[in-house]
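Step one of this worksheet: look at the structure below.
Residue numbers (the numbering used here): 12 to 574.
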């Protein structure tokens with residue numbers, strides 16, 4: 012009975028994500044806006060990825076519906092994003108003869124990675140990707156979006172190893188541009204600005220693409236390339252396609268990059284958009300939902316998807332009050348394909364290119380450049396390298412390289428931030444004053460040393476360099492290192508402490524450790540460092556601050572009197 016009640020409660024909680032009778036009207040309105048706007052956007056995503064535009068449209072359809080059913084976020088719209096599309100465009104196999112199975116495999120792999128991370132409860136993983144990496148990547152992607160559409164916008168395909176060199180080649184051949192193509196692209200951009208100024212809203216982009224495509228008919232036949240020149244849209248809905256296991260090894264790196272980018276973008280959505288109950292969604296649940304959406308998109312002729320901030324904001328601004336809005340958007344996309352499929356083939360490529368170029372320009376964030384510049388040299392270095400890599404090498408490697416660089420620089424930075432101070436006491440019962448530790452340990456000295464910073468393998472050398480070195484005969488001297496709050500130490504650091512204890516012992520001096528917690532005490536015993544230091548020289552942490560330090564000082568005074 013109790014089990015059935017729990018199941019019933021869980022079902023009711025799940026169904027509440029789709030709203031109530033009072034929210035249906037708002038959700039239908041928002042869903043229609045999102046669905047209509049998603050058709051040209053989906054096609055543009057496919058164009059940006061350099062694949063069959065239908066894959067982008069299918070991804071928008073399947074991702075939106077599956078995401079509405081599975082994510083922890085009620086309002087998150089799961090669709091193909093610009094960053095993910097550019098990553099796909101840098102995967103050579105995605106444009107090859109087996110593109111359909113490659114895209115299916117790549118999308119399913121990305122989905123499995125997302126799903127696995129979500130099931131493992133690793134929703135907080137994205138916080139380990141520094142903002143400097145994200146800023147460099149996002150702004151680099153924005154420029155890549157612009158440069159990647161120059162061929163469709165001008166009718167001239169520049170040559171070169173990357174988008175920058177191809178853009179330079181394009182600029183050098185301005186006389187070879189197709190001016191009807193340029194006219195259609197430029198008109199589309201101008202129309203978007205004009206319609207936005209008139210208050211048409213997001214649907215102004217749809218109208219601009221339609222009108223811009225209509226302008227293509229005033230030019231001679233075949234003067235402007237349309238979608239129909241490369242793909243047969245028809246009135247068919249997504250059908251099943253099987254991933255290829257043989258393609259898996261070569262696609263693991265881009266799949267990982269796609270998963271990371273998709274999850275970071277999704278985390279930005281869920282972290283800024285609370286659910287109707289006022290609580291922010293569980294990031295791991297969003298990981299799982301995006302993973303399932305990718306798996307569904309992959310086997311239904313779609314490309315990789317992730318939480319889309321722009322689409323989520325569009326739905327919310329249009330009045331969405333539950334996940335039902337995304338379901339309506341999916342139905343609108345289905346209806347548009349079934350009713351207007353053949354007409355979609357008349358959409359002009361330069362009109363979509365104009366739309367994407369404008370999206371790229373608006374994705375640039377100049378304030379992020381200023382923020383990074385003011386944040387210090389390490390942040391500038393991480394941002395600059397990530398940005399440069401994003402512009403010059405395939406994006407699946409750029410994002411991973413940026414993360415790797417950030418980790419390395421963070422380790423270096425933290426290792427140099429370890430600082431050791433000496434505690435001195437005016438009277439036996441007074442509070443300590445912090446002073447600079449002595450460089451040498453003389454006979455009879457008793458010094459209390461307290462570290463600041465992160466004690467880990469990379470900081471061991473910097474820590475040791477600040478400890479006083481015993482003179483040849485430092486008889487009776489004691490160095491007390493305060494380790495309160497340190498739950499555990501790595502092997503490198505433990506080895507350094509053991510060697511320092513031996514060094515002091517050879518000079519007839521003693522190392523003592525105070526404030527040692529249970530976990531660290533177990534490590535000292537297991538690694539043999541306790542034996543090197545001596546059982547009587549280790550003082551466990553006590554509830555009142557300073558007690559273990561005074562215990563060590565008392566023992567040091569006793570030894571000095573005995574000596």
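Just so it is clear, CB atoms sit at the ideal spot from N, CA and C, and this is done for glycine as well.
From a predicted model like this one, the values you see are computed outputs, not experimental measurements.
Tell me, which residues are paired with residue 359 by DSSP?
As a working note, residue 359 is residue 348 in the chain shown. Paired residue(s): 237.
Can you check which of these residues, 141, 229, 349, 339, is closest to residue 412 by C-alpha distance?
For the purposes of this step, residue 412 is identified with residue 401 of the chain shown, where counting begins at 1. Of the candidates 141, 229, 349, 339, the one whose C-alpha sits nearest the C-alpha of residue 412 is 141.
Closest by CA to residue 417, which one among 181, 20, 393, 408?
Residue numbering aside, residue 417 sits at position 406 when the chain shown is read from its first letter. The shortest C-alpha separation from residue 417 is found at 393.
With distances taken Cα to Cα, identify the nearest neighbour of residue 115 among 316, 218, 206.
Position 104 of the chain shown holds residue 115. With distances taken between Cα atoms, residue 115 lies closest to 316.
So, under 8 Å CB-CB, residue 195 and residue 227 are touching, yes? Tell me the CB distance rounded to an integer number of Å.
For the purposes of this step, residue 195 is identified with residue 184 of the chain shown, where counting begins at 1. For the purposes of this step, residue 227 is identified with residue 216 of the chain shown, where counting begins at 1. At roughly 5 Å, the Cβ-Cβ gap stays under 8 Å, so residue 195 and residue 227 are in contact.
According to DSSP, residue 444 sits in a beta bridge with which residue or residues?
One-based indexing of the chain shown puts residue 444 at position 433. Residue 444 pairs with 435.
Taking 9 Å as the threshold (C-beta atoms), are residue 58 and residue 314 in contact?
Position 303 of the chain shown, counted from the first residue, corresponds to residue 314. Position 47 of the chain shown, counted from the first residue, corresponds to residue 58. No; because the gap between Cβ atoms is not below 9 Å, this pair is not in contact.
Secondary structure at residue 491, three-state DSSP: helix, strand or coil?
If you number the chain shown from 1, residue 491 lands on position 480. If DSSP states are grouped into helix, strand and coil, residue 491 belongs with the strands.
Just checking my contact of residue 483 with residue 518 at CB under 8 Å: how many whole Å lie between their CB atoms?
One-based indexing of the chain shown puts residue 483 at position 472. One-based indexing of the chain shown puts residue 518 at position 507. Confirmed, about 6 Å.
Reduced DSSP secondary structure (H/G/I, E/B, other) of residue 520:
Working through the chain shown from its first residue, we reach residue 520 at position 509. It is coil, neither helix nor strand.
Please state the DSSP three-state secondary structure of residue 393.
For the purposes of this step, residue 393 is identified with residue 382 of the chain shown, where counting begins at 1. Secondary structure at residue 393: helix, using DSSP grouped into helix, strand and coil.
For residue 338 versus residue 42, is the C-beta distance shorter than 9 Å?
Taking the first residue of the chain shown as position 1, residue 338 is located at position 327. Taking the first residue of the chain shown as position 1, residue 42 is located at position 31. The answer is yes: Cβ separation under 9 Å.
Since residue 296 and residue 129 are thought to touch, with beta carbons under 8 Å apart, how far apart are those beta carbons, to the nearest angstrom?
For this step, residue 296 is matched to residue 285 along the chain shown. For this step, residue 129 is matched to residue 118 along the chain shown. So it is a contact: roughly 7 Å between Cβ atoms.
Can you look up residue 497 in the DSSP assignment and give me helix, strand or coil?
For the purposes of this step, residue 497 is identified with residue 486 of the chain shown, where counting begins at 1. Reduced to three states, the DSSP call for residue 497 is coil.
Can you tell which of 134, 276, 106, 52 has its C-alpha closest to the C-alpha of residue 148?
Reading the chain shown from its first residue, position 137 is the one you call residue 148. Nearest in C-alpha terms to residue 148, of all of 134, 276, 106, 52, is 276.
Would you say residue 336 and residue 45 are within 9 Å of each other, going by their C-beta atoms?
To locate residue 336, count along the chain shown from 1; it is residue 325. To locate residue 45, count along the chain shown from 1; it is residue 34. Between residue 336 and residue 45, the C-beta spacing is below 9 Å.
Using only CA atoms, which one of 506, 404, 464, 270 lies nearest to residue 101?
Here residue 101 refers to the residue found at position 90 of the chain shown. Relative to residue 101, the option among 506, 404, 464, 270 whose CA is nearest is 404.
Touch test, the region 426-433 against the region 459-475, Cβ-Cβ under 8 Å, three pairs minimum
When C-beta atoms of the region 426-433 are compared with those of the region 459-475, three or more pairs fall below 8 Å, so the two segments count as touching.
Is the beta carbon of residue 396 sitting closer than 9 Å to the one on residue 88?
Translated into the one-based positions of the chain shown, residue 396 becomes position 385. Translated into the one-based positions of the chain shown, residue 88 becomes position 77. Going by C-beta atoms, residue 396 is not nearer than 9 Å to residue 88.
Just how far apart, CA to CA, sit residue 180 and residue 372?
Reading the chain shown from its first residue, position 169 is the one you call residue 180. Reading the chain shown from its first residue, position 361 is the one you call residue 372. Straight-line Cα distance between these residues: approximately 21 Å.
For residue 363 and residue 163, believed in contact at Cβ under 8 Å, the rounded distance
Numbered from 1 along the chain shown, position 152 holds the residue referred to as residue 163. Numbered from 1 along the chain shown, position 352 holds the residue referred to as residue 363. Residue 163 to residue 363, Cβ: 7 Å. Contact.
If you draw a straight line from the C-alpha of residue 458 to the C-alpha of residue 285, how long is it?
Within the chain shown, the letter at position 447 stands for residue 458. Within the chain shown, the letter at position 274 stands for residue 285. Approximately 53 Å, taken between the alpha carbons.
Counterpart residues of residue 318 in DSSP-defined beta bridges:
Sequence index remark: in the chain shown, residue 318 carries index 307 (1-based). Looking at the DSSP assignment, residue 318 forms a beta bridge with 89.
Using CA atoms only, rank isn't needed, just tell me which of 145, 539, 36, 97 is closest to residue 382.
Looking up residue 382 in the chain shown gives position 371. Taking residue 382 as reference, the option from 145, 539, 36, 97 with the minimal CA-CA separation is 145.
Please classify residue 140: does DSSP put it in a helix, a strand, or coil?
Within the chain shown, numbered from 1, the residue matching residue 140 stands at position 129. Coil at residue 140, not helix or strand.
Would you say residue 25 and residue 50 are within 9 Å of each other, going by their C-beta atoms?
Here residue 25 corresponds to residue number 14 of the chain shown, with the count starting at 1. Here residue 50 corresponds to residue number 39 of the chain shown, with the count starting at 1. Their beta carbons are not under 9 Å apart, which means residue 25 does not touch residue 50 by this criterion.
Flag this pair as yes or no: are the beta carbons of residue 48 and residue 217 separated by less than 9 Å?
For the purposes of this step, residue 48 is taken as residue 37 along the chain shown, with counting starting at 1. For the purposes of this step, residue 217 is taken as residue 206 along the chain shown, with counting starting at 1. Yes. Within cutoff.
In terms of residues, what are the limits of the alpha helix (DSSP H) holding residue 200?
As a working mapping, residue 200 is identified with position 189 in the chain shown. Residue range 190-208 is occupied by the alpha helix (DSSP H) that includes residue 200.
Which class does residue 228 belong to by DSSP, given the choice of helix, strand or coil?
Within the chain shown, residue 228 is the residue found at index 217, counting from 1. Helix at residue 228.
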